[in-house]
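Our numbering puts the first residue of the sequence shown at 33, with every later residue one more than the last.
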Amino acid sequence: MSIIDANSAGFVHGGIVMKMCDEAAGIAAVKHSRRRVVTAAIDRMTFLDPVHVGQLLTCKATVNAVWRTSMEVGVRVEAENPLTGEIRHTSTAYLTMVVLDEHGEPTAAPPLLAESPDEQRRMHEAELRRSNRLAEREQIRAARGARGSD
Ligand SMILES: CC(C)(COP(=O)(O)OP(=O)(O)OC[C@H]1O[C@@H](n2cnc3c(N)ncnc32)[C@H](O)[C@@H]1OP(=O)(O)O)[C@@H](O)C(=O)NCCC(=O)NCCS
């Protein structure tokens, strides 16, 4: 990471890390579907530790679960001090990517086979996050309905 990635505090700007996560997630989703994709949502993004200028940032993206046209991609961000080799886990992000057809409309995503215990755990946790998101959306709709707004 270079000086142009820094914020006014001298660390790497969180938005730069988000952009890299979005790009890594997009590449993973394209490689899974072999189609164009768009980001529908960044569902969660943690910043566990600051990233410093001069560190090497690695984003590892994995397709965790696939639904009809959308999929969850998890991204793990690690910062390495190239002088010492020390590696720290600095962020985790979960993004929903939607597969598009040639007209730019959502289209079916290829199914995902979860084979290893880690892949099965990621798929299960992605299902939990999706059902929590949908439940939250319903709760907010119901609350707005009860208040007579929207
Ligand atoms: C994402 C997008 C294609 C969804 O279009 P849509 O008309 O809502 O399509 P659908 O209702 O058929 O939904 C398609 C899928 O997107 C998912 N989706 C839509 N909005 C979502 C949201 N806010 N969060 C998570 N998933 C979402 C739906 O759950 C559905 O998934 P499923 O088929 O696996 O069940 C559309 O909203 C879009 O083009 N958004 C802009 C994307 C973009 O520009 N991204 C870059 C950001 S700068």
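Virtual Cβ for every residue (Gly too), placed ideally from N, Cα, C.
Work out the CA separation of residue j and residue i for me, nearest whole Å.
{"i": "residue 57", "j": "residue 174", "result": "32 Å"}
{"i": "residue 90", "j": "residue 153", "result": "23 Å"}
{"i": "residue 79", "j": "residue 94", "result": "19 Å"}
{"i": "residue 104", "j": "residue 144", "result": "11 Å"}
{"i": "residue 45", "j": "residue 83", "result": "8 Å"}
{"i": "residue 67", "j": "residue 60", "result": "11 Å"}
{"i": "residue 180", "j": "residue 171", "result": "14 Å"}
{"i": "residue 129", "j": "residue 73", "result": "7 Å"}
{"i": "residue 135", "j": "residue 69", "result": "12 Å"}
{"i": "residue 114", "j": "residue 42", "result": "18 Å"}
{"i": "residue 163", "j": "residue 127", "result": "15 Å"}
{"i": "residue 75", "j": "residue 167", "result": "14 Å"}
{"i": "residue 62", "j": "residue 55", "result": "10 Å"}
{"i": "residue 111", "j": "residue 118", "result": "8 Å"}
{"i": "residue 47", "j": "residue 97", "result": "25 Å"}
{"i": "residue 34", "j": "residue 71", "result": "26 Å"}
{"i": "residue 99", "j": "residue 155", "result": "11 Å"}
Using only the heavy atoms of ligand 1, determine whether one of them is closer than 7 Å to the beta carbon of residue i.
{"i": "residue 102", "result": "yes"}
{"i": "residue 139", "result": "no"}
{"i": "residue 44", "result": "no"}
{"i": "residue 70", "result": "yes"}
{"i": "residue 130", "result": "yes"}
{"i": "residue 178", "result": "no"}
{"i": "residue 73", "result": "yes"}
For the beta strand (DSSP E) holding residue i, just list the boundary residues, first then last.
{"i": "residue 77", "result": "68 to 79"}
Measuring CB to CB, does residue i end up less than 8 Å from residue j?
{"i": "residue 53", "j": "residue 109", "result": "yes"}
{"i": "residue 101", "j": "residue 158", "result": "no"}
{"i": "residue 107", "j": "residue 122", "result": "no"}
{"i": "residue 138", "j": "residue 65", "result": "no"}
Looking at the unbroken alpha helix (DSSP H) that takes in residue i, where does it start and where does it end?
{"i": "residue 129", "result": "No alpha helix (DSSP H) contains residue 129, which is instead part of the beta strand (DSSP E) from 119 to 132."}
{"i": "residue 102", "result": "Counting along the chain, residue 102 falls outside any alpha helix (DSSP H), though it belongs to the beta strand (DSSP E) covering 102 to 112."}
{"i": "residue 96", "result": "Careful: residue 96 lies outside any alpha helix (DSSP H), inside the beta strand (DSSP E) at 88 to 98."}
{"i": "residue 194", "result": "Summary: the structure shown does not reach residue 194, with the chain confined to residues 33 through 182, and so no result is reported for it."}
{"i": "residue 160", "result": "149 to 179"}
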